[in-house]
Every structure is written in structure tokens, then in C-alpha cells.
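Shown next, in C-alpha cells, is the structure this report addresses.
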Amino acid sequence: MEEKNKRPWGFYEVLAEEPDHKVKRITVYAGERLSLQRHLRRSEHWHLLKGTAVITLDRKEISLRPGESIDIPKGIVHRLRNSGKKDAVLIEIQRGEYFGEDDIERLDDDYGRDLKKPSTK
32 MEEKNKRPWG
42 FYEVLAEEPD
52 HKVKRITVYA
62 GERLSLQRHL
72 RRSEHWHLLK
82 GTAVITLDRK
92 EISLRPGESI
102 DIPKGIVHRL
112 RNSGKKDAVL
122 IEIQRGEYFG
132 EDDIERLDDD
142 YGRDLKKPST
152 K
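Residue numbers for the sequence shown follow the working numbering, so the first one is 32 and each next one is one higher.
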């Protein structure tokens, strides 16, 4: 298994990477959230394993509990916020034509990372 990729909000591990999909296990620390973002070249499916989360999907907020899932279509603005007092852990399944970290258009970020457009490689 790949080493943990640390981020200001938590960390992730890549569980599988194939030409047609990528699977990550993502841990978001209590009270933290991912950047508000979208992807041009992939869709995502998030399945919450532990904790509680509020998902921003386009302009809606959706609460998830363990065992619940959400689909994030390609091009839709999204974000996950850990709304609990313990780590939130989810499995992310990416499907599409490209799975690089540079396919992130970051629209807002709590940690001062650059807002950016995705790569068009």
C-alpha cells in the first residue's frame, strides 16, 4: 500500500489505481474540510465509513453518516466538511479519463493553497 499523502485537512492513501479508476481511503480530521473544488476529467463516488460529514454539492448541503454515499458528477463543485468530533473516513472511487492531482480546480481553500485551474494535459 502507498504511503499516506498528508494534507492540512488530514491524509489519504491510494488503494488502487487502474486505467479506468482510482480508489482512495481519505481521512479528514475533526472540524476540517477539503477545498471547494471541481474536476474536469473525472467523477467521484464517496462512501463514508466513519464519522459524520456535510457534503457541499453544487449549492446544496447534504449530511452523510457511516454507510451512506454520494455521487459527484464530473464538473460539479463539491466539498466535504467533517462535522463531527472524530476523524471522518471515506472511500473515494474516481472514474474518468484522468486521475492526477492536477485535475483539481480549487475555488476556495481554508489553508492558503493557491486557487487554481486544472491541467488540460
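Think of the CB as a built atom: it goes at the ideal place given N, C-alpha and C, for glycine as much as any other residue.
Here the structure is a predicted model, which is why all the values come from computation and not from measurement.
The distance from the Cβ of I57 to that of G82 is about 11 Å, inconsistent with a contact at the 8 Å cut-off. The closest CA to that of V59, considering only G98, P50, K37, is found on K37. Remark: fewer than three beta-carbon pairs, one from each stretch, lie closer than 8 Å, so the region 130 to 150 and the region 83 to 95 are not flagged as touching. As the crow flies, the alpha-carbon of H70 is around 13 Å from that of H76. Take the alpha-carbon of V120 and the one of L80: they are about 5 Å apart. K37 has F42 as its beta-bridge partners, per DSSP. Per DSSP, reduced to three states, the secondary structure at H76 is strand.
Separation of the CB atoms of D141 and R64 is rounded to 6 Å, and the pair is thereby assigned contact status at 8 Å. Beyond the five residues adjoining it in sequence on each side, K55 comes within less than 6 Å, by CB distance, of Y43, V45, E123 in the same chain, given in chain order.
Straight across, the Cα-Cα distance linking K35 with D118 is about 15 Å. Comparing alpha-carbon positions, the option among A47, G62, D102, H52 lying closest to K116 turns out to be G62.
L65: not part of any beta strand (DSSP E); DSSP gives it neither H nor E.
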